[in-house]
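Peer 1: Here our numbering = 1-based position in the sequence shown + 4. By construction, the Cβ of each residue, glycine as well, lies at the ideal position given by its N, Cα and C atoms.
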Amino acid sequence: MSAGPGLPRTVLVLGGVSLLNDLASEMITPLLPLFLTGALGAGPAAVGLVEGAAEAAASLLKLASGRLADRGWSARGLVLGGYGLSNLARPLIGLAGSWGAVLGLRVLDRVGKGLRTAPRDGLISAAVAGPIRGRAFGFHRAMDHLGAMLGPLAAFALLAVGVGMREVFLASALFGALVLGLLLWGLPRGARLAPLGPAPSLRWGLLDARLRRLLVGIGLLALATVPEAFLVLWAAGEGLAAVWVPLLWAAAHAVKAAVAAPAGRLADRWGRLPVVGAGWAARVLLLLLLAAPGWPLGAVWALFLAYGAALAFTEGAERALVGDLAPRGLQGTAFGL
Numbered sequence: 005m006s007a008g009p010g011l012p013r014t015v016l017v018l019g020g021v022s023l024l025n026d027l028a029s030e031m032i033t034p035l036l037p038l039f040l041t042g043a044l045g046a047g048p049a050a051v052g053l054v055e056g057a058a059e060a061a062a063s064l065l066k067l068a069s070g071r072l073a074d075r076g077w078s079a080r081g082l083v084l085g086g087y088g089l090s091n092l093a094r095p096l097i098g099l100a101g102s103w104g105a106v107l108g109l110r111v112l113d114r115v116g117k118g119l120r121t122a123p124r125d126g127l128i129s130a131a132v133a134g135p136i137r138g139r140a141f142g143f144h145r146a147m148d149h150l151g152a153m154l155g156p157l158a159a160f161a162l163l164a165v166g167v168g169m170r171e172v173f174l175a176s177a178l179f180g181a182l183v184l185g186l187l188l189w190g191l192p193r194g195a196r197l198a199p200l201g202p203a204p205s206l207r208w209g210l211l212d213a214r215l216r217r218l219l220v221g222i223g224l225l226a227l228a229t230v231p232e233a234f235l236v237l238w239a240a241g242e243g244l245a246a247v248w249v250p251l252l253w254a255a256a257h258a259v260k261a262a263v264a265a266p267a268g269r270l271a272d273r274w275g276r277l278p279v280v281g282a283g284w285a286a287r288v289l290l291l292l293l294l295a296a297p298g299w300p301l302g303a304v305w306a307l308f309l310a311y312g313a314a315l316a317f318t319e320g321a322e323r324a325l326v327g328d329l330a331p332r333g334l335q336g337t338a339f340g341l
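1) Keeping to the same chain, check which residues put their C-beta closer than 6 Å to that of P278; ignore five residues upstream and five downstream.
2) Assuming R145 and A316 make a contact with CB atoms under 8 Å, what is their CB distance in whole Å?
3) Taking just the CA atoms, how far does L309 sit from L18?
4) Return helix, strand or coil for P231, following the three-state DSSP convention.
5) Between which residues of its own chain and V263 is the CB-CB distance below 6 Å, once the five residues before and five after are set aside?
6) Inspect the CB distances between the segment 155-172 and the segment 71-84 and report whether three or more fall short of 8 Å.
7) Using C-beta distances below 8 Å, list every residue in its chain close to A275, excluding the 5 sequence neighbours before and after it, in chain order.
8) Please report the straight-line C-alpha distance between A191 and A303, rounded to a whole angstrom.
9) Check S78 in the structure and name its three-state DSSP category.
10) Please list the terminal residues of the continuous alpha helix (DSSP H) segment that includes T14.
11) Ordered along the chain, which non-local residues of its own chain (more than five positions away) have a Cβ less than 7 Å from that of L65?
12) Please state whether DSSP places P192 in a helix, a strand or coil.
13) How would you call R287, buried or exposed, if buried means at least 16 neighbouring beta carbons within 10 angstroms?
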C-alpha cells in the first residue's frame, strides 16, 4: 500500500481525503440495511429502492460533473463541493424517522459522490505519467479501502460500548470535517482539467474503439454486480449475527486495501487488459457461487472476502485504462462515463 516514489502531492492528498471520507462513510454503510429493516421497519424492497436511487443519482452526476470539468470549471471546486455535500447529508441519517427520509439523505450523499468522482479521477490521471498511472490509481484505491476498513471498526467499537446506531451515524461528521479541512489545505487552488471554454464534442463514435469496448464491458458487468447492501443481507440470511456485520465489512476492505495497490502496479507491468479480464472472470465465478444457498459461516466469510478482492483487483487498472484511452480534453467526461 506504499505510495512509492514519484507520486505527486495531488495524488497523495486525494488518497488521504478518500481514506478519511470512507472512514466516515463506512461507519454508516454496513449498518444501513439493518437500520432500515430493524429500526425503521423497512422491507428488502425499500432497501433496494434506497440503494438503487442513490446509485442512479451518482451515475447521472458523474457524467455532468465530468463535462463541467472538461469545460474548465474548477475541478477543485467540484471535488470540494461533492465531498462537502456528502459529509453534510450522511450524518443526518442518524436523525431520520422514516425510510423515506433516509432515501432523500442517501440520494444527496451519492449526488455528492457523483459531483466529485470524475473530476477527482481526472486530476489523478493528469497528475502522473502513463507508465505509473496504474500505481497512482492503485494507491488511491488502497487508501480508499483502508478508510473503509477503519470505518466499520470505529462503528463496532462504539456499538460495543453501548452507543446506538443513530449516534454512530452522527459521530461520522467528525471525520467528514477532517475531509474538508485536508482538501482546503492540500489540493492546489485553481486545479482544472482544461481551460475555460466549451468542451470537445461528446459523440460516441469519436471515442477510441478500445475505450468504447471498455465502457460497454464495465456497464454490462455493473448490471450483474450485487449491491453491497444486499451482500450484507445475504450474509445475515446465511446466519451471520448483526454484531459481526461491521467486522465482516472491515475485513472485506482490509482485503481490498491489500489487493488494490499491488494490482495497480501489476497493471503497469503486465498491461491493463489482462488484469481487468482476470478480475472480471473471478467476479462472475463468485457471483455464481453466491447464488447457491446453505453456506456455513466460514464459507460466508470466505466468499464475502473473495468477492471484495475481485472487485479491488480491477479498480486501479480500469481507471488507468480509461485515463490512457480518453481523448485530450475529454478526461473528465470519460471518467464520468
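Peer 2: With the structure as the only source:
1) none
2) 7 Å
3) 26 Å
4) coil
5) A313, A316 and F317
6) no
7) First, the amino acid is wrong: residue 275 is Gly here, not Ala. Excluding sequence neighbours, G275 sits near nothing in its chain.
8) Looking at the sequence shown, residue 191 is not Ala but Leu. Distance between the alpha carbons of L191 and A303 is about 43 Å.
9) coil
10) R13 to E30
11) V115, G118 and L119
12) coil
13) buried
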